[in-house]
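Undergrad:
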Amino acid sequence: MVTQTPPQSAQAGPGAEPPSARQVAGRRWRSARGVVAVLLAMVVIAVILAALRPATSAEALDPTSPKQDGSRALAEILRQNGTPVHVARDADDAVRQSAPGSVMLVTRTERLTREDLTRLASAQVDLVLVRPTSFALADLAPWVRKDGPTFEDADEPGCTMQAAALAGAVSLHESETYEVTASVTGAVTTCYKTEFGGPRVVQVRHGAKTVTVLGSASPLTNRRLTEEGNAALAMNLLGTNTTGADTPGSDAPGSATSVVWLVPDIPTEGTAAGQQSLGDLLPFGVKLFILQLLVAVLLVALWRGRRLGPVVAEALPVVVRSAETVEGRSRLYRAGHARDRASDALRSGARERLVPLLGLPRSSAQDPSAAQEIVTAVAHRTPYDETYVGAALYGPEPLDDAGLIALSDVLDDLERQVRQS
Amino acid sequence: MALTGRLGLLALLGALVPLFVPSWWTLFAVWGALFLGVVLDVALAGNVRALRFHRAGDKNVRLGETATVSLIVENLGRRRLKARLRDVWPPSAGATPRMVKVNVPAGERRRVDMTLTPTRRGDRKAVTVVVRSVGPLGLAARQLSRPAPWTVRVLPAFPSRRHLPAKLARLRELTGAHVALIRGQGTEFDSLREYVDGDDVRSIDWRATARRNDVVVRTWRPERDRRIYLVLDTGRTSAGRVGDIPRLDCSMDAAMLLGALASRAGDRVDMLAYDRRVRARVEGASRTDLLPAMVHAFAPLEPELIECDAAGMVSTLMARVRQRCLVVLLTELNTAAMEEGLLPLLPQLTARHLVMIAAVSDPRVGEMAAGRGDLASVYDAAAAERARADRRRLTAELRGHGVEVVDAPPDEIAPALADAYLALKAAGRL
Chain L
1 MVTQTPPQSA QAGPGAEPPS ARQVAGRRWR SARGVVAVLL AMVVIAVILA ALRPATSAEA
61 LDPTSPKQDG SRALAEILRQ NGTPVHVARD ADDAVRQSAP GSVMLVTRTE RLTREDLTRL
121 ASAQVDLVLV RPTSFALADL APWVRKDGPT FEDADEPGCT MQAAALAGAV SLHESETYEV
181 TASVTGAVTT CYKTEFGGPR VVQVRHGAKT VTVLGSASPL TNRRLTEEGN AALAMNLLGT
241 NTTGADTPGS DAPGSATSVV WLVPDIPTEG TAAGQQSLGD LLPFGVKLFI LQLLVAVLLV
301 ALWRGRRLGP VVAEALPVVV RSAETVEGRS RLYRAGHARD RASDALRSGA RERLVPLLGL
361 PRSSAQDPSA AQEIVTAVAH RTPYDETYVG AALYGPEPLD DAGLIALSDV LDDLERQVRQ
421 S
Chain Y
1 MALTGRLGLL ALLGALVPLF VPSWWTLFAV WGALFLGVVL DVALAGNVRA LRFHRAGDKN
61 VRLGETATVS LIVENLGRRR LKARLRDVWP PSAGATPRMV KVNVPAGERR RVDMTLTPTR
121 RGDRKAVTVV VRSVGPLGLA ARQLSRPAPW TVRVLPAFPS RRHLPAKLAR LRELTGAHVA
181 LIRGQGTEFD SLREYVDGDD VRSIDWRATA RRNDVVVRTW RPERDRRIYL VLDTGRTSAG
241 RVGDIPRLDC SMDAAMLLGA LASRAGDRVD MLAYDRRVRA RVEGASRTDL LPAMVHAFAP
301 LEPELIECDA AGMVSTLMAR VRQRCLVVLL TELNTAAMEE GLLPLLPQLT ARHLVMIAAV
361 SDPRVGEMAA GRGDLASVYD AAAAERARAD RRRLTAELRG HGVEVVDAPP DEIAPALADA
421 YLALKAAGRL
């Protein structure tokens with residue numbers, strides 16, 4: 001309650017010395033190291049997670065991108081083989097550009113909204129889905145379900161699907177596997193089965209519409225196009241039959257007149273569901289509840305804010321330690337390496353105490369003419385010779401700090417010897 | 001007006017209602033209910049404006065002791081007052097309890113006892129009394145703050161009281177009133193009394209002995225009715241903290257012991273506290289009320305952070321006292337302050353008066369002078385030796401002017417000053 005500064009205890013001794021910068025730094029480090037360790041661990045974990053995640057660039061599977069995971073090579077080959085490739089950047093555009101008999105390649109399904117998916121589902125074109133999300137699968141191929149990823153490299157197709165059979169072994173690398181639900185209607189072909197799990201490519205023929213689900217994007221990318229039968233598989237699926245004559249009406253969609261390549265952009269705000277704010281979604285009662293909560297907080301604040309009486313200020317007397325000036329002078333001596341003044345003060349103090357012990361008048365302590373007398377008297381009562389005593393009591397200033405400390409000890413020793421003699 | 005936590009809690013519970021009946025009207029109903037509760041509570045709460053406060057209790061307390069101050073709350077209203085009451089004092093008054101609950105029926109009074117344990121010397125004034133009267137529902141309260149003036153003067157502790165019996169015994173020895181082995185000192189014939197074993201045979205008054213059947217000794221006593229003028233320096237040097245307490249408090253303590261002793265010895269004691277103007281003064285107090293007067297004069301004194309005006313002090317003193325007296329100056333042996341201030345004026349003062357200077361030395365300087373071992377301690381020791389040498393030189397110079405100098409650490413200054421006074425008394429120099 002009282003704000004007076006506690007007085008410095010006179011018996012503080014050496015324990016009360018202010019801590020050195022090193023001690024302060026050490027203390028801070030010890031108190032902060034737990035936090036630092038946690039932060040460091042979080043950074044390391046974040047870096048590891050980021051490194052483990054397969055990197056996909058913004059232009060992955062883009063038919064105009066020449067990057068490693070782009071698909072410009074495939075698009076070019078398709079065009080050279082006479083199949084026009086129309087690039088669509090949103091679902092509406094894709095549906096508009098598709099004509100009967102064309103194949104729609106749907107990539108990056110995570111960017112498609114619910115509305116986009118229903119629009120695509122209602123379009124009467126053949127679909128090739130590349131690594132679709134569960135949402136996209138549910139809308140576009142409701143008979144196919146995800147069955148976990150696999151890292152096995154695929155070998156022979158092991159199925160009757162012409163596109164796969166003609167392509168032979170492909171290199172799918174990391175791939176999704178699928179299972180086909182029992183409620184399926186229409187012809188189902190499953191290819192590239194893993195050792196234990198399901199197939200990696202599923203083709204469902206449902207009425208006039210063929211939906212092919214491709215578990216891996218590798219066959220389409222610039223980087224992997226040349227591996228094994230990747231290029232063949234991709235081109236077979238998308239329309240150009242690389243191996244000989246095309247048989248119209250066969251189960252392979254090789255007769256495609258054009259390819260609509262859908263690479264959706266990120267849906268912008270303000271379209272469809274994005275327009276609804278949080279407020280629109282909350283029930284009215286909850287809004288009133290929150291409003292009333294704010295009122296309650298305000299009332300509690302008013303309750304706590306009104307204090308029972310004023311804060312009392314009080315003028316306190318000044319606190320100055322009396323020995324402050326002496327301590328200041330000591331620090332000045334030290335900063336200026338004033339060994340001459342320090343040694344003078346120590347010597348005259350010692351003489352002042354020695355003189356009454358020797359039975360000499362007090363005034364002789366500071367009297368230079370009495371020097372010899374004092375030195376003789378001290379040497380007489382101590383085991384030291386006059387030169388030693390003279391150097392201690394009247395000698396030149398010490399050459400270094402160690403000399404000053406030694407001088408103080410010598411003076412103490414002389415004083416003790418004289419006192420005891 | 002003040003709100004309570006219960007209102008906040010109710011508002012919080014009220015937030016649940018619109019969850020079940022989501023409508024604006026529900027919310028308005030909750031607000032209406034809360035508002036009605038508040039209005040009702042404020043209307044029905046005990047009237048704080050109809051309260052009267054009265055005070056009773058201690059007006060003085062010695063530092064370190066506890067005082068009791070009562071606050072009497074009188075309810076002139078027509079309703080019972082149930083309230084929380086806070087008697088507001090400054091922090092250093094150490095007032096407890098901080099808050100009390102009072103229940104005063106209409107037309108009656110209740111007493112609230114506050115205990116004060118001050119931590120500082122001086123006057124402590126009650127700031128105000130705050131009453132918060134809560135309504136019957138406990139949702140809202142009327143609050144009022146009204147002054148109830150009272151001042152408690154915190155007197156200096158006078159810790160050197162314990163030295164007084166010893167010094168008085170020594171004084172009785174001097175006066176010869178003590179039945180003792182020592183003949184009374186002094187030159188004034190005091191009285192005759194019966195001889196007791198151990199009295200000096202030289203003091204036997206043979207003529208008086210011859211008249212009576214008893215051996216009678218003469219007693220002497222030192223001169224009485226001398227004037228002593230205590231002068232306290234309250235300037236910047238008195239603010240320095242020596243050990244745990246300011247130098248001024250040590251000086252006060254020494255002055256009180258000397259005052260008590262001298263008034264018992266039959267001398268007239270006056271006191272003056274001065275820095276650039278007169279801060280406190282005790283003059284012409286009788287023997288019995290000297291100490292209370294001094295204690296009261298000392299209580300509100302605080303060191304001022306200004307240089308003491310020695311010339312003003314000397315001229316004030318010279319104007320007040322014409323006859324010869326012992327001037328005891330309680331100050332600090334600060335070379336700069338002394339050489340520029342008091343030293344040139346000393347001849348003026350010593351020509352008419354006997355001057356004694358009492359200074360409190362800092363034990364920390366002694367500790368520093370004894371420091372050895374590392375460089376910092378040795379430089380400390382050197383600086384301390386230098387300070388001591390300055391002090392010695394100043395003391396020698398003052399003694400050269402015929403001034404008595406008493407220089408002692410804080411716990412010894414009071415007895416040392418009393419001893420110096422007794423020595424002067426014994427020597428008949430007053």
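Quick note, the sequences are listed as chains L and Y, same order.
The numbering of the first sequence is full-length UniProt numbering, which starts it at 1 and goes up by one.
The numbering of the second sequence is full-length UniProt numbering, which starts it at 1 and goes up by one.
Glycine is no exception: its CB is placed at the ideal position from the N, C-alpha and C atoms.
#1: Taking DSSP as the reference, what is the three-state secondary structure of T185 (chain L)?
#2: So what does DSSP say about L232 (chain Y), is it helix, strand or coil?
#3: Quick one: does E302 (chain Y) have its CB under 8 Å from some CB of chain L?
#4: Of all the residues that make up the segment 228-245 of chain Y, which are near chain L by a beta-carbon distance shorter than 7 Å?
#5: What is the rounded straight-line gap between the Cα of T113 (chain L) and the Cα of L302 (chain L)?
#6: Starting from P403 (chain Y), trace the alpha helix (DSSP H) both ways and give me its first and last residue.
#7: Measure the alpha-carbon distance for R89 (chain L) versus R33 (chain L) and round it to whole angstroms.
#8: What's the call for R304 (chain L), buried or exposed, on a 16-neighbour Cβ count within 10 Å?
#9: What's the gap between the Cα of V85 (chain L) and the Cα of V202 (chain L)?
#10: Using three-state DSSP, classify F53 (chain Y) as helix, strand or coil.
#11: Could you pull out every unbroken alpha helix (DSSP H) segment of at least 4 residues lying fully inside the segment 202-246 of chain L, listed in chain order?
#12: Can you check whether the C-beta of V326 (chain L) is within less than 8 Å of a C-beta belonging to chain Y?
#13: Can you give the Cα-Cα distance for G94 (chain Y) and T68 (chain Y), rounded to whole angstroms?
#14: Just reading off the alpha helix (DSSP H) that Q323 (chain Y) is part of, what are its end residues?
#15: What are the residues of the segment 380-411 of chain Y that lie near chain L, defined by any Cβ-Cβ distance shorter than 8 Å?
#16: Which term fits A336 (chain Y), buried or exposed, when burial requires 16 or more other beta carbons within 10 angstroms of its beta carbon?
#17: The ligand MG and C308 (chain Y): does the residue's C-beta get closer than 7 Å to at least one heavy atom of that ligand?
#18: Between M114 (chain Y) and chain L, is any beta-carbon pair separated by less than 8 Å?
#19: Looking at the structure shown, is Q143 (chain Y) part of a helix, part of a strand, or coil, going by DSSP?
#20: If L63 (chain Y) sits next to V152 (chain Y), beta carbons under 8 Å apart, how far is it from one beta carbon to the other, in whole angstroms?
#21: Return yes when the Cβ of D407 (chain Y) is within less than 8 Å of the Cβ of A359 (chain Y), no when it is not.
#22: Taking three-plus beta-carbon pairs below 8 Å as touching, is the segment 118-135 of chain Y in contact with the segment 306-322 of chain L?
#23: Mind listing the chain Y neighbours of I374 (chain L)? Cutoff is C-beta to C-beta under 7 Å, in chain order.
#24: Can the beta-carbon of S98 (chain L) be found closer than 8 Å to that of V260 (chain L)?
#25: Check the DSSP bridge columns for R364 (chain Y) and list the partner residues they point to.
#26: Anyone know if the C-beta pair for V295 (chain Y) and M271 (chain Y) falls short of 8 Å?
#27: Where DSSP assigns a beta bridge to C191 (chain L), which residues make up the other side?
#28: Please classify L360 (chain L): does DSSP put it in a helix, a strand, or coil?
#29: A88 (chain L) bridges to which residues according to DSSP?
#30: So is W206 (chain Y) buried or exposed if we call it buried at 16+ other beta carbons inside 10 Å?
#31: Is the segment 341-353 of chain Y touching the segment 245-256 of chain Y in the sense that three or more CB pairs, one from each, lie closer than 8 Å?
#32: V144 (chain L): which of L:T133, L:F151 and L:T150 sits nearest, CA to CA?
#33: Between the beta-carbon of L308 (chain L) and the beta-carbon of R241 (chain Y), is there less than 8 Å?
#34: Do S364 (chain L) and V355 (chain L) come within 8 Å of each other at the CB atom, strictly closer than that value?
#35: Quick one: is Y394 (chain L) near chain Y, going by C-beta distance under 8 Å?
#36: What separation, rounded to the nearest whole angstrom, lies between the Cα atoms of E74 (chain Y) and T66 (chain Y)?
TA: Short version:
#1: coil
#2: In this structure, L232 (chain Y) counts as strand in the three-state DSSP scheme.
#3: yes
#4: A239, G240, R241, V242, G243 and D244
#5: 48 Å
#6: The question names Pro, yet the displayed sequence has Val at residue 403 (chain Y). Careful: V403 (chain Y) lies outside any alpha helix (DSSP H) and carries neither H nor E.
#7: 51 Å
#8: exposed
#9: 23 Å
#10: strand
#11: If we require 4 residues or more, the alpha helix (DSSP H) runs fully inside the segment 202-246 of chain L come out as 230-238.
#12: yes
#13: 11 Å
#14: No alpha helix (DSSP H) contains Q323 (chain Y), which DSSP labels as neither H nor E.
#15: D380, A381, A382, A383, A384, E385, R386, A387, R388, A389 and R392
#16: exposed
#17: Here there are no bound small molecules, and the ligand MG is not part of this structure.
#18: no
#19: strand
#20: Actually they are not in contact, since the Cβ atoms of L63 (chain Y) and V152 (chain Y) sit about 11 Å apart, beyond 8 Å.
#21: yes
#22: Proximity of the segment 118-135 of chain Y to the segment 306-322 of chain L meets the contact definition, three or more beta-carbon pairs being nearer than 8 Å.
#23: Chain Y residues near I374 (chain L): none, gap ~16 Å exceeds 7 Å.
#24: yes
#25: Beta-bridge pairing links R364 (chain Y) to no other residue.
#26: Not a contact, by the Cβ cut-off of 8 Å.
#27: C191 (chain L) pairs with L:V201.
#28: coil
#29: For A88 (chain L), the pairing in a beta bridge is given by DSSP as L:L262.
#30: exposed
#31: no
#32: L:T133
#33: no
#34: yes
#35: no
#36: 26 Å
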